[in-house]
Every structure is written in C-alpha cells, then in structure tokens.
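A.B. asks: Chains as they are written, first to last, in my numbering: chain A, 194 to 555; chain B, 43 to 212.
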Amino acid sequence: MIEPLLSCKNAELTHNTQKGTPVVLSTRLRLARNLLGTAFPERASLAQRSDILSKCSDHLAGLKKMGKGNFFEISQLSDLEKQVLVERHLISRELCESKQGAGVYINKEQTCSVMINEEDHLRIQFLKSGFHLKNVWKQIDRFDSELENVLDIAFDSEFGYLTACPTNLGTGLRASVMMHLPGLVLSEQMERVIRAVNQLGITVRGLFGEGSDATGHVFQISNQQTLGEKESDIVDRLGNVLKTVIDHEVNARFKCLEDNRANLLDQIGRAYGVLRNAHVVNSTEAMNLLSLLRLAVDFEMLPESERADIDRFFIECQPGHIQHAASTGIEPDARDVCRATKLREELGSLPALDFDKLADLI
Amino acid sequence: MGENLKCSNCDKAATVHLTQIINNKIIKVDLCESCAQAKGVTDPEGFSLADLLNSSQMPRQEEDTSLKCPSCGLTTADFRRTGRLGCSTCFTVFASVLRPVLEDMHVGTCHKGKTPDLALSRQSATAQLNKLEKALEKAVEEEAYEDAAQYRDKIKSLKDETANYEYSQS
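1) Applying the criterion that 16 or more other CB atoms from any shown protein chain within 10 Å of the CB defines a buried residue, is K196/B buried or exposed?
2) Keeping to the same chain, check which residues put their C-beta closer than 6 Å to that of T207/A; ignore five residues upstream and five downstream.
3) Out of A455/A, M259/A and L355/A, state which residue places its alpha-carbon closest to the alpha-carbon of A232/A.
4) Any idea which residues DSSP pairs M371/A with across the strands?
5) Beta carbons nearer than 8 Å to chain A: which residues of the region 141–157 of chain B have them?
6) Determine, for K37/B, whether the minimum Cβ-Cβ distance to residues of chain A falls below 9 Å.
7) What does the Cβ neighbour count give for Q99/B, buried or exposed, with the cut at 16 atoms within 10 Å?
8) Of the choices G365/A, I299/A and L457/A, whose alpha-carbon is the least far from that of K156/B?
9) Within a Cβ cutoff of 7 Å, which residues of the same chain sit near N51/B, ignoring the five residues on either side of it in sequence?
10) What residues in the region 418–441 of chain A have a beta carbon less than 7 Å from any beta carbon of chain B?
11) Could you tell me whether the Cβ of A137/B comes closer than 9 Å to any Cβ of chain A?
12) Would you say R469/A lies against chain B (beta-carbon separation less than 9 Å)?
13) Taking Cβ positions only, does A161/B come closer than 9 Å to chain A?
14) If you run the structure through DSSP and keep just helix, strand and coil, what is H59/B?
15) What separation, rounded to the nearest whole angstrom, lies between the Cα atoms of N433/A and L393/A?
16) What number of angstroms, rounded off, separates the C-alpha of L420/A from the C-alpha of P359/A?
17) Quick one: which chain B residues come within Cβ less than 8 Å of A232/A?
18) Check the Cβ-Cβ distances between Q198/B and every residue of chain A, and say whether any is below 9 Å.
19) Which full runs of the alpha helix (DSSP H) of 4+ residues lie inside the region 126–209 of chain B, going along the chain?
20) If you reduce the DSSP assignment to three classes, tell me which class R454/A lands in.
21) Does the separation of the CB atoms of V277/A and H517/A fall below 9 Å?
22) Chain B beta carbons: is any one of them nearer than 9 Å to that of N310/A?
23) So, does the CB of L206/A fall closer than 9 Å to a CB anywhere in chain B?
24) My output table needs one value for I267/A: the three-state DSSP class, helix, strand or coil.
25) Just the Cα atoms here: how many angstroms apart are P544/A and R463/A?
26) For D349/A, which residues does DSSP report across the bridge?
27) Rounded to whole angstroms, what is the Cα-Cα separation between A295/A and N361/A?
28) By the three-class DSSP mapping on this structure, what secondary structure does A225/A have?
29) Taking its Cβ as the centre, do 16 or more other Cβ atoms sit within 10 Å of Y193/B, making it buried, or is it exposed?
30) If we call anything under 9 Å between Cβ atoms a contact, is D337/A one with N227/A?
31) From the beta carbon of L73/B, is the nearest beta carbon of chain A less than 9 Å away?
32) If you measure from the CB of T157/B, is any heavy atom of the ligand MG nearer than 8 Å?
33) Are the beta-carbon atoms belonging to I414/A and R398/A less than 9 Å from one another?
34) Strictly below 9 Å CB to CB, what residues from chain A border L174/B?
35) Report the three-state DSSP secondary structure of S247/A (helix, strand or coil).
36) For a contact meaning CB atoms closer than 7 Å, what does A177/B contact in chain A?
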C-alpha cells in the first residue's frame, strides 16, 4: 500500500537533502490538537474514533497542501509497512500500536503528515531537510489555521490547546531538529552538551527517540515545555540553543583534526573502504560508517553533490526499508547481506577521497 | 554502573535509567523493562520525567480525590495513574489537580500562544471571559497575586482581541 511513498522521486527526507547544512539533517515541527465534544482517542469508543477518523480525513483531503496525498488506515497496513513509515519519520511508534480507527494522511512530497487518533485526535507534523525552524513554523501555523476554519478545536483560554497529556498543553508544539554531531561524540563532549541543554528545558534523544542510542552520531533535539510561552518564543529559544550546539560541533571537528588528524582520517578512510567493499553490514554499522562519509563531505573530501545520497541511505538502510525492498520475507542475516549489496552498488561510483582538501581547511 | 538497581515501581532489577533536569532539579528514576513500557518511557514523542513523577509520586494534598468527569467518566485516580486527561470537560473538572502539576512541568501555567480565533468566535468569547474572571477573583482571594496578574493580563488581551475582531468584522 505504501509503494507510492517509496517510489516518490522528490520526497523531502530522501531526495531533497542538498539544501542541508553541514550539521543539521532536518527540522520537524508537530502540533497536538483535539476536536471539541468527543473524548480523546484513548477514552473514545470505536464508533467515536471512526467518526473522528472519517471527519478529519474528509477535511484534510480538501486542503490544498494535501493534494495528491495518501491516506492510510493503520489497521490496513502490515507491520513491515508501519515500520517503514516510522523509519521515514512519518508516523510514531505509538500510532502503530493504536486500536482500530487510527490513520495517517501524508502529502505527496512527504513534508506534511497528519496522524489521526494517536494520543490526540490530530497530530500535525511538518518536516523539511536542513535547519528551518521559523520557516516550518510559518507553514504549520498556516496549515493549522486552515484546519481550524473547518474543525472545532478544543481550546481553553487558560490551558491553551487541550491535549490528553499535560506535557503537550498550551501550544501543543514540539519543535525538533535532527543533528549530525560526530565531532562532539568523538571528542566525548556529548554528555556535557546534553546536560547543558537539559537545563534550558531542551531534550536530546537518539535518531528514533527515547531509548535509541546515538547511532550514526545523529541526535534529535527538541523543546520540552509547551505552556507559558508563545510559539515564536519556543522556536527562537530552541533555535538559539541549537546555533550554539552547531558552533560547538564545528569547533569540535576542527579540534579533532588538529589533535588527532591521522586517527580521524583513518576512520573516514576505513568507512569509505568498508562501505564500498563489505558483504555483510548491520544497520548500526551502516549508520556509523555513513556518518563518517557525511563528515567527509563536510570536510570537502567528497563533492557536496554526494550529500543527498548519503542522507537517503541513512533512511534506506534501516531494517524495515531493506526488508521491504527485498520483496519476499528475509531473515535478519540476509538483511545484512542485502544492505551491503545495496551500499556496494550505490556507492560504487563514489569519487576517491580528496585528502588534500583538508590542507586548505586548517 | 555495576550496582544492581531496583525498579522504583516494583522490585525487579532496573534496566532503564533516566535522568532529566526539570526546573534545575536533577531527577533520577530507575525502572525495569515492563514498568518502563507501561509508563511509556519507550515512547519516542513527548515523554518527560516530570510527567512520570507527577502521575505517580505527587504529594496527595487536601485535594478532592473523588472527582469524576461527567462527560468521559475519568476519575482523579485514573488521572494519577495514567497522567492523561480524557476529554475537554476534564480540564474544568480537574483544573485544581492539574495546576500544581503544570507548575513543575512548564515555563508558565497560562497559555500565551496562538488562539484559534475563528473557532473561538464560533464558540462564545464571553464564556472564556467569565471563566477567567472567576479564576482572577479566586486568585485574589487566595492572595496568589502573580497568578492574578496573569489572569488580568489575559482578560485584558482577550477583551482587546474581541474588540479588534469586532472592529475588523464591521
């Protein structure tokens, strides 16, 4: 059912990454909203949930942004299809486990997805590759207002937008930025950075949220508080903290080069060699090696044009994607072989690493 | 590391260790696999320790524990257990239980962001004002002047907004 999403040639996260800045992979904002007069999904009856699902999907279909989009009812998707959507950051794991009457609307470019009957009636998400907090806020704000024109949203002047969990109350806004931080990880500063931003009400998680580790040196950094601050202030505050994190990351990278040049270049060189020649690669190893290749692009040892492909592999090398691509069911061991084959084929035409470029950098 | 920590919820060995800083306080919690699952710690979106702690270890003050939402049937005990509210009416019913929870969780306790103007004008703006004015009265009575100031500002901005709205309509 999800083939149109996978075959889409201008999907935001997998095909639009050339605009990415060196440190930031993507920006994602989500708004939690509920409709007036019906219990929140957890306490609603199946009939109420189905009612909300059809009402919301009808209204969403009428919005311009959703033109040529796809609607999926979660109960109609296989476990594997759900996993693929999670890996593309289009749905949450919670939605996968939801009861009957849950669904998701995804627009053609996969920049916008609206989950229906997750923890709240509506979870609107906008994402864009690169660092674009203000721009994405403007887009999601406009979309949210359009939706408000046609739906009665539960709102209270004291508590703001009403949500099932008090942690989302007020603006219902979670702004999160996916950052690639190999410099901070390799120089063992990441823990200190996490502690510092935590004190500012900002949360750091791994690539796939809580519990996932720093595979591929990728972290999701987001605001924790949603009430008592205007949306623009939340976004500005997060943006300012992230600018500092970017500065630290860039400094850490150059410090690594200065102090440990041979070691860092050795790691990049080995990543290049393994990815182009290995025959068995698990997803963690793939992520960590691709991370070093992305770093090579940042150091101009590989042309900028390779960045988009590397970012695409970050997603396409996830277990669900590999399994889905291998039309028939395969064992995890076979998955590692398929992943290695894909990487060998796709990276076969990569130009040689240009180590001389580094001389100009420092 | 090395030491065998027990789950703070049951007595099994803890495998999930969480640390968060909320309002400059370091809060640590150790949980076993199943309690972590049950409390949604593995949920990638919107998890916070404040939420977890508030729903399980809130000091049970003189609050009315027999509250029940007439609309969805949620009770105070349900709210304490799950940390979730059941419907929009719950916010009126459990407002007094909710406010202290929000104080530790967020930057402020009163919404300052976007308002769904069109949706609200469809509903009644006066209902909102009445509610705020009551809250203001109560805050003054309880000498909670910081809260009172917030409510007053809110009332003022709401009145201004309604005036603007009416103006732009004419």
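Glycine residues also receive a C-beta, built at the ideal position from the N, C-alpha and C atoms.
Note that this is a predicted model, so its numbers are computed, not measured.
C.D. replies: Looking at the atomic coordinates:
1) buried
2) R505 and I508
3) L355/A
4) S219/A and Q413/A
5) V143, L144, M147, H148, V149, G150, T151, C152, H153, K154, G155, K156 and T157
6) Nothing about residue 37/B can be read from this structure; chain B reaches only from 43 to 212.
7) Below a pLDDT of 50, predicted positions are generally treated as unreliable, and Q99/B, at 48, falls in that range; no measurement from the model is reported.
8) G365/A
9) L73 and C77
10) Q418, T419, L420, G421, E422, K423 and E424
11) yes
12) no
13) yes
14) strand
15) 11 Å
16) 9 Å
17) S113, C114, G128 and C129
18) Here residue 198/B turns out to be Lys, not Gln, going by the sequence shown. No, because no Cβ of chain A sits closer than 9 Å to the Cβ of K198/B.
19) 132–135, 137–147, 159–164 and 167–183
20) helix
21) yes
22) no
23) no
24) helix
25) 15 Å
26) G353/A
27) 20 Å
28) strand
29) buried
30) no
31) no
32) Within the structure as shown, the ligand MG is missing, as the structure has no ligands at all.
33) yes
34) S350 and E351
35) helix
36) E351
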